[in-house]
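Asker:
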Amino acid sequence: MRDIYRVDLFRREGFESEKCIHCGRIFWTLDSERKTCGDTPCDEYAFIGRPPTKRKYSLHQMEQSFLKFFERHGHKIVNRYPVVARWRDDIFLTIASIADFQPWVTSGQIPPPANPLVISQPSIRLKDIDNVGRSGKHFTLFFMGGHHAFNSRRKRIYWNDKTVALCHEFLTRELGIKPEEITYIQDFWEGGGNAGEDFEVNICGLEVATLVFMQYAGVGGKRSPLLLKIVDTGYGIERLVWLSQGTASSYEAIFGPVVEHLRKLTGLRPPLTEVLRENSKLAGIIDVGSGRDLKLLRSRVATRTGLSVEELDKILTPLETVYAIADHLRCLVFMFGDGITPSNVREGYLARSVLRRTLGLMREIGLKAPLGELMAFELDQLTPQFPELNERRGYILEVVDAEERRYKDAISRGRRMVERMAEELRARRKTLSQKKLIELYDTHGLTPEIVKEATAKVGVQVEVPEDFYIKVAESHSRARHTPTSSPLVSKEKLRKLSSTKQLYYRDPYAREFKARVLRTFDEYVILDQTAFYPEGGGQPSDVGSLESRSTKVEVSDVIKVGDIVLHRVKHALLKPGQRVVGKLDWERRRALMAHHTGTHILLGAARRVLGTHVWQQGAQKEVNQARLDISHFKRIGTEELREIERLANWIITENRGVKATLMDRNRAERQYGFDLYQGGIVPGKQVRIIDVEGWDTQACAGTHCEHTGEVGFIKIIRTERIQDGIERIEFVAGMAALKFVQTCERQLGKAAEILRTSPDRVAVATQHLFDRWKAAEKEVERLSKRMAEFRLSELKSKVRLLGKVRVVCEEVEGASVDELIKIASALKGGDKKIVVILGSRNATAKLVAMAGEEAVGAGVDCGVMVSEASRVLGGGGGGKSSMGQGAGPKTDFLIAAFKKAMEICEKQQVHE
0 MRDIYRVDLF
10 RREGFESEKC
20 IHCGRIFWTL
30 DSERKTCGDT
40 PCDEYAFIGR
50 PPTKRKYSLH
60 QMEQSFLKFF
70 ERHGHKIVNR
80 YPVVARWRDD
90 IFLTIASIAD
100 FQPWVTSGQI
110 PPPANPLVIS
120 QPSIRLKDID
130 NVGRSGKHFT
140 LFFMGGHHAF
150 NSRRKRIYWN
160 DKTVALCHEF
170 LTRELGIKPE
180 EITYIQDFWE
190 GGGNAGEDFE
200 VNICGLEVAT
210 LVFMQYAGVG
220 GKRSPLLLKI
230 VDTGYGIERL
240 VWLSQGTASS
250 YEAIFGPVVE
260 HLRKLTGLRP
270 PLTEVLRENS
280 KLAGIIDVGS
290 GRDLKLLRSR
300 VATRTGLSVE
310 ELDKILTPLE
320 TVYAIADHLR
330 CLVFMFGDGI
340 TPSNVREGYL
350 ARSVLRRTLG
360 LMREIGLKAP
370 LGELMAFELD
380 QLTPQFPELN
390 ERRGYILEVV
400 DAEERRYKDA
410 ISRGRRMVER
420 MAEELRARRK
430 TLSQKKLIEL
440 YDTHGLTPEI
450 VKEATAKVGV
460 QVEVPEDFYI
470 KVAESHSRAR
480 HTPTSSPLVS
490 KEKLRKLSST
500 KQLYYRDPYA
510 REFKARVLRT
520 FDEYVILDQT
530 AFYPEGGGQP
540 SDVGSLESRS
550 TKVEVSDVIK
560 VGDIVLHRVK
570 HALLKPGQRV
580 VGKLDWERRR
590 ALMAHHTGTH
600 ILLGAARRVL
610 GTHVWQQGAQ
620 KEVNQARLDI
630 SHFKRIGTEE
640 LREIERLANW
650 IITENRGVKA
660 TLMDRNRAER
670 QYGFDLYQGG
680 IVPGKQVRII
690 DVEGWDTQAC
700 AGTHCEHTGE
710 VGFIKIIRTE
720 RIQDGIERIE
730 FVAGMAALKF
740 VQTCERQLGK
750 AAEILRTSPD
760 RVAVATQHLF
770 DRWKAAEKEV
780 ERLSKRMAEF
790 RLSELKSKVR
800 LLGKVRVVCE
810 EVEGASVDEL
820 IKIASALKGG
830 DKKIVVILGS
840 RNATAKLVAM
850 AGEEAVGAGV
860 DCGVMVSEAS
870 RVLGGGGGGK
880 SSMGQGAGPK
890 TDFLIAAFKK
900 AMEICEKQQV
910 HE
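According to numbering that gives the first Met the number 0, the residues represented by the sequence shown are 0 to 911, in order.
#1: Once DSSP output is grouped into helix, strand and coil, what is the label at Ser757?
#2: State the CB to CB distance for the pair Pro81 and Asp312, rounded to an integer number of angstroms; the pair is presumed to be in contact (CB under 8 Å).
#3: Does the ligand MG have a heavy atom nearer than 8 Å to the CB of Tyr523?
#4: Quick one: measure Cβ to Cβ for Val417 and Thr446, integer angstroms, because I've assumed they're closer than 8 Å.
#5: Compute the distance between the beta-carbons of Phe169 and Pro115, then report whether it is under 9 Å.
#6: Can you give the Cα-Cα distance for Asn841 and Arg805, rounded to whole angstroms?
#7: Check the DSSP bridge columns for Tyr183 and list the partner residues they point to.
#8: On a Cα-Cα basis, can you pick out the residue from Leu517, Asp695 and Gln884 that is closest to Gly603?
#9: Quick one: which unbroken beta strand (DSSP E) runs of 3-plus residues sit fully inside the segment 6 to 58? Chain order, please.
#10: In chain order, what residues of the same chain have a beta carbon less than 7 Å from the beta carbon of His74, not counting five sequence neighbours either side?
#11: Can you tell me which of Ile689, Leu349, Leu281 and Leu267 puts its alpha carbon nearest to the alpha carbon of Val316?
#12: Note down the Cα distance separating Thr232 from Ile324, rounded to an integer number of angstroms.
#13: Could you check which residue in Gly413, Asp99 and Arg153 has the C-alpha nearest to that of Tyr440?
#14: Checking 9 Å against the spacing of the C-beta atoms, do Trp86 and Tyr676 come in under that value?
#15: Just the C-alpha distance for Phe254 and Leu261, rounded to the nearest angstrom, thanks.
#16: If Gly733 and Ala593 are in contact, beta carbons under 8 Å, what's the gap, nearest whole angstrom?
#17: Assuming Val657 and Thr596 form a contact by the criterion Cβ under 8 Å, report the distance between their Cβ atoms to the nearest whole angstrom.
#18: For the candidate residues Gly858, Leu837, Cys743 and Ala825, whose alpha-carbon lies nearest to that of Val761?
#19: Are the beta-carbon atoms of Gln619 and Gly537 separated by less than 9 Å?
#20: Compute the Euclidean distance between the alpha carbons of Glu32 and Ala350, then round it to the nearest angstrom.
#21: Out of Val811, Glu189 and Thr302, state which residue places its alpha-carbon closest to the alpha-carbon of Asp197.
#22: Could you tell me which residues DSSP pairs with Pro270 in its beta bridges?
#23: For Ala848, does the three-state DSSP call read helix, strand or coil?
#24: Starting from Cys330, follow the beta strand (DSSP E) in both directions and report where the run begins and ends.
#25: DSSP state of Glu752, grouped into three classes?
#26: Suppose the cutoff is 6 Å on Cβ atoms and the five residues either side in sequence are ignored; what does the same chain contact list for Thr265 look like?
#27: With distance defined between alpha-carbon atoms, name the residue in Arg634, Leu378 and Trp772 nearest to Pro256.
#28: Hey, out of Arg781, Arg362 and Ala164, whose CA is closest to Lys407's CA?
#29: Closer than 8 Å is the cut-off here; do at least three beta carbon pairs connect the segment 741 to 756 with the segment 641 to 648?
#30: What residue from Leu737, Val807, Ser57 and Glu709 has the CA that sits closest to Ser796's CA?
#31: For Ile314 and Ala252, I'd like the C-alpha separation in whole angstroms.
#32: How should Lys221 be labelled, buried or exposed, when 16 other C-beta atoms within 10 angstroms of its C-beta is the threshold for buried?
#33: Among residues of its own chain, excluding the 5 on either side of Phe138, which ones have a beta-carbon nearer than 7 Å to its beta-carbon?
#34: One question on the structure: do Asn962 and Gly37 come within less than 9 Å of each other, judged by their Cβ atoms?
#35: So, is Thr529 buried or exposed, given that buried needs 16 or more other C-beta atoms within 10 angstroms?
#36: By how many angstroms is the C-alpha of Val344 removed from the C-alpha of Thr481?
Quick look at the structure:
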């Protein structure tokens with residue numbers, strides 16, 4: 000392990016190996032007097048105010064300088080990948096440049112797009128989100144410059160010597176940094192199941208790059224050599240920009256125009272350069288991940304600047320908030336620009352989390368501008384270098400406006416809920432737990448700041464963890480694999496069998512085929528070839544029969560284990576070596592093909608009507624109908640749905656070709672982009688591409704029609720919001736669509752018959768019937784009101800004295816509880832001495848009591864009265880002194896209950 004660190008450059012240039020007197024790590028340097036490693040916290044930032052580069056660079060200039068340098072040194076520039084990792088099923092967001100090539104390239108399954116290559120990859124890491132704006136070196140989205148080489152046994156590109164030499168040349172000759180300013184710290188890297196030795200490259204206290212020599216699989220003590228030895232480098236482009244400008248803050252260097260714009264909107268003045276410079280220097284030494292560390296930082300800056308901690312807080316806290324907002328705006332533009340839809344799951348949750356944190360920060364500093372306006376300003380800064388983001392401008396601004404409205408609604412609804420919760424906690428002398436705080440954020444979108452404000456109103460204090468957003472991001476950053484049921488047949492049993500020839504892909508129209516039985520066991524038959532499609536890709540398996548000269552068995556299910564297809568039969572009467580004829584249930588297969596092809600057509604239509612942010616979240620094709628789940632930030636409108644259906648059927652009438660091709664994964668990604676993975680991640684070096692001519696292209700399994708015209712037509716049945724951010728479209732195609740329309744016609748005919756009209760006039764007749772019903776309802780309401788007035792007049796005449804109060808106690812036949820309450824309230828009116836006791840009986844007996852102010856003052860308690868009287872009814876009740884209600888199943892005991900209520904009313908006055 001030690002030899003890999005002794006690179007040619009160090010020998011040739013005279014680098015010395017030293018041990019840091021603070022952290023104990025080994026580093027290489029040309030400065031013979033250096034005793035520290037050059038990284039924080041062992042060294043302060045020494046570049047602030049004295050940049051070590053030959054010139055100042057903007058972010059775009061630094062990125063281009065990096066890419067062009069490595070291009071001149073034999074690397075091919077590869078375009079950036081999306082920030083949402085569509086090609087991965089283990090992470091949601093692209094977290095590093097090497098993530099672009101995991102797992103297919105790094106595992107050796109497919110070649111890299113170029114070798115060697117260089118890329119500037121926008122990467123998102125939210126684990127340090129609470130440090131953004133404070134530390135100077137943390138960003139939610141940052142550009143990772145990576146030059147990568149993939150070395151195999153057959154072909155060696157370059158390894159440790161050239162990696163370090165290229166890095167050193169870029170820093171010294173390209174950027175003009177003195178070699179003595181650079182230190183290379185020996186370290187060991189682990190991540191994503193891979194590991195390797197590495198160098199951390201530091202300049203003037205700032206780590207600017209990591210050079211990893213990835214050569215092991217596994218973590219901890221269990222490691223094995225990788226098939227490939229991979230040069231995995233990561234250069235912090237933002238950090239190099241900051242280094243070149245030497246500004247007091249990295250955020251001023253990266254987000255200058257945006258920060259200035261936010262300052263104008265908030266009226267915030269630029270801080271004293273000396274204060275900001277000292278704060279940044281010390282922030283590099285102190286990890287500001289916790290409140291305790293932030294207080295320590297403020298204290299030390301106060302000592303150096305002569306200001307008090309309170310004065311520093313007033314200066315720095317608003318500025319740090321502005322920096323964080325500027326950072327988050329860029330992150331959100333890339334998130335939404337690369338097609339993420341806000342939701343409560345997966346990458347959609349992470350995007351919503353960043354957005355709501357941004358809105359929360361805006362509230363903190365009183366920034367009133369709509370978030371959409373700030374995003375538009377940020378887009379203007381980014382689109383010259385990233386024109387693809389401007390193509391999504393409409394979607395980005397629309398989704399941000401919708402999310403801001405949701406956020407405000409969540410605040411207004413959530414405040415009342417939190418206040419009620421806080422009152423309960425105060426009554427029980429309990430505090431709000433951290434778990435509940437995260438739950439309120441996850442479920443209701445309530446930020447901890449809003450919760451803290453709401454609970455403070457009722458005198459309940461809430462402790463918000465300083466790393467709250469880090470904890471939230473960590474809990475949602477990695478994909479959770481849904482456990483799959485273990486195959487009914489183990490791969491071990493099938494180990495010696497050859498792969499099954501997949502006739503269903505060669506000819507999806509084959510209704511019959513000939514095959515030879517290879518093996519039978521339990522309920523399964525294995526053939527040398529089959530036209531039966533095994534369940535997969537959201538498509539159920541085929542069914543049918545297998546026939547030999549002497550027997551016939553029904554195939555009820557088909558599964559695939561590895562490359563072997565198994566046919567499930569009731570009785571495995573067939574024997575190895577037998578010749579059989581397989582016969583498919585063709586009508587079933589035809590229906591499934593129509594629905595599967597229809598799913599592709601419908602998705603293409605949805606993306607054209609709703610926007611290219613639409614992403615398939617799931618699909619299921621059945622014989623009678625199919626469903627397509629898509630990401631979308633709002634409900635699909637009626638007119639939008641009609642247009643989707645119209646476009647889909649237009650493509651069917653055009654009878655476009657549907658072509659299935661087996662392609663190399665790299666070639667497919669270059670040709671079609673990552674929209675290929677709409678249907679999910681497809682493993683392997685080669686992918687099966689289904690291309691609906693000029694309309695939709697996906698990597699997809701399953702059987703499809705060869706022309707869109709074979710689908711017949713598509714009819715959308717319904718849509719529903721299955722969860723926030725995901726719309727489900729249920730539809731029918733082919734003969735299933737015809738059956739659906741015929742069923743609708745029959746129902747329409749029955750409705751016409753009932754309404755005594757023709758089918759084409761059902762809507763008119765229904766409206767006429769509805770109008771008559773509404774008129775009748777109004778008349779019933781009028782008569783009910785007259786009846787109520789009559790009842791009220793009758794009841795008023797029955798009021799009598801009972802002790803110090805006036806009482807009316809009567810049954811109101813057929814009245815509901817609501818009606819009893821209305822009548823009692825009307826009877827009570829402004830009479831302060833009255834007690835009203837009313838009851839009714841339908842399926843159960845009901846009681847309602849109300850008392851005026853003076854009656855309550857005389858000792859009457861309606862809650863107690865009704866509670867006791869309801870027991871006579873075999874039930875229960877309760878309430879307040881001024882009002883009570885109860886019920887019970889013993890309807891025959893209502894008069895007895897009245898008697899009990901009157902007795903209690905009298906006794907309550909006696910004991911007043």
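Heads up, the beta-carbon is just placed ideally off N, CA and C, and yes, glycines get one too.
Answerer: Checking against the coordinates, here is how it stands:
#1: Here residue 757 is taken as the residue at index 758 of the sequence shown, counted from 1. Three-state result, Ser757: coil.
#2: If you number the sequence shown from 1, residue 81 lands on position 82. If you number the sequence shown from 1, residue 312 lands on position 313. Asp312 and Pro81 do not touch by the CB rule: their CB atoms are close to 39 Å apart, not below 8 Å.
#3: The ligand MG is absent from the structure shown, which contains no ligand whatsoever.
#4: Taking the first residue of the sequence shown as 1, we reach residue 417 at position 418. Taking the first residue of the sequence shown as 1, we reach residue 446 at position 447. Contact annotation, Val417 with Thr446: C-beta distance approximately 11 Å; criterion of less than 8 Å not satisfied.
#5: For this step, residue 169 is matched to residue 170 along the sequence shown. For this step, residue 115 is matched to residue 116 along the sequence shown. Taking 9 Å as the Cβ cut-off, Phe169 and Pro115 do not qualify as a contacting pair.
#6: Taking the first residue of the sequence shown as position 1, residue 841 is located at position 842. Taking the first residue of the sequence shown as position 1, residue 805 is located at position 806. Spanning the two alpha carbons is a distance of roughly 28 Å.
#7: Locating residue 183 in the sequence shown gives position 184, where the first residue counts as 1. DSSP lists Trp27 and Val200 as partners of Tyr183.
#8: By one-based count along the sequence shown, residue 603 stands at place 604. Ranking Leu517, Asp695 and Gln884 by Cα distance to Gly603 puts Asp695 first.
#9: 15 to 18 and 25 to 28
#10: Stepping through the sequence shown from its first residue, residue 74 is reached at position 75. The residues are Pro115, Leu116, Val117 and His146.
#11: As a position in the sequence shown, residue 316 is number 317, starting the count at 1. The residue asked about is misnamed: residue 316 is Thr in this sequence, not Val. Nearest of Ile689, Leu349, Leu281 and Leu267 to Thr316, Cα basis: Leu267.
#12: As a working mapping, residue 232 is identified with position 233 in the sequence shown. As a working mapping, residue 324 is identified with position 325 in the sequence shown. Straight-line Cα distance between these residues: approximately 29 Å.
#13: The residue you call residue 440 lines up with position 441 of the sequence shown. The option with the nearest alpha carbon to Tyr440 is Gly413.
#14: Residue mapping note: residue 86 aligns to position 87 of the sequence shown, counting from 1. Residue mapping note: residue 676 aligns to position 677 of the sequence shown, counting from 1. Taking 9 Å as the cut-off, the beta carbon of Trp86 is found closer than this to the beta carbon of Tyr676.
#15: Here the question's residue 254 lines up with position 255 in the sequence shown. Here the question's residue 261 lines up with position 262 in the sequence shown. Using only the alpha carbons, I get a separation of about 10 Å.
#16: Taking the sequence shown and counting its residues from 1, one reaches residue 733 at position 734. Taking the sequence shown and counting its residues from 1, one reaches residue 593 at position 594. About 3 Å separates the two Cβ atoms, so the contact holds.
#17: As a working mapping, residue 657 is identified with position 658 in the sequence shown. As a working mapping, residue 596 is identified with position 597 in the sequence shown. About 6 Å separates the two Cβ atoms, so the contact holds.
#18: The residue you call residue 761 lines up with position 762 of the sequence shown. Measuring from the Cα of Val761, the nearest candidate turns out to be Cys743.
#19: Locating residue 619 in the sequence shown gives position 620, where the first residue counts as 1. Locating residue 537 in the sequence shown gives position 538, where the first residue counts as 1. In contact: Gln619 and Gly537 (Cβ atoms closer than 9 Å).
#20: Residue mapping note: residue 32 aligns to position 33 of the sequence shown, counting from 1. Residue mapping note: residue 350 aligns to position 351 of the sequence shown, counting from 1. One C-alpha to the other measures close to 48 Å.
#21: Locating residue 197 in the sequence shown gives position 198, where the first residue counts as 1. Nearest option by C-alpha distance: Glu189.
#22: By 1-based counting over the sequence shown, the position of residue 270 is 271. For Pro270, which the question treats as bridged, DSSP gives no partner whatsoever.
#23: In the sequence shown, residue 848 corresponds to position 849, counting from 1. Note: Ala848 maps to strand in three-state DSSP.
#24: Stepping through the sequence shown from its first residue, residue 330 is reached at position 331. Segment Val308 to Gly336 is the alpha helix (DSSP H) holding Cys330; no beta strand (DSSP E) there.
#25: Against the sequence shown, residue 752 aligns to sequence position 753. Helix, per DSSP.
#26: Residue numbering aside, residue 265 sits at position 266 when the sequence shown is read from its first letter. Contacts found: Ile364 and Leu366.
#27: Your numbering for residue 256 matches position 257 in the sequence shown. Ranking the options by Cα distance to Pro256, first place goes to Leu378.
#28: Position 408 of the sequence shown, counted from the first residue, corresponds to residue 407. The shortest C-alpha separation from Lys407 is found at Arg362.
#29: no
#30: For the purposes of this step, residue 796 is identified with residue 797 of the sequence shown, where counting begins at 1. Sorting Leu737, Val807, Ser57 and Glu709 by C-alpha distance to the C-alpha of Ser796 places Val807 at the top.
#31: Within the sequence shown, numbered from 1, the residue matching residue 314 stands at position 315. Within the sequence shown, numbered from 1, the residue matching residue 252 stands at position 253. Across the structure, Ile314 and Ala252 are spaced so that their CA atoms are roughly 19 Å apart.
#32: Position 222 of the sequence shown holds residue 221. Per the 10 Å Cβ criterion, exposed.
#33: Against the sequence shown, residue 138 aligns to sequence position 139. Only Val131, Glu237 and Asp326 meet the Cβ criterion.
#34: Residue 962 is absent from the model: the chain starts at 0 and stops at 911.
#35: One-based indexing of the sequence shown puts residue 529 at position 530. So Thr529 ends up on the buried side.
#36: As a first step, residue 481 is located in the sequence shown; it is residue number 482 there, counting from the start. As a first step, residue 344 is located in the sequence shown; it is residue number 345 there, counting from the start. Its pLDDT being 47, under 50, Thr481 is placed unreliably in this model, and the value from its coordinates should be taken loosely. Cα-Cα distance, rounded: 14 Å.
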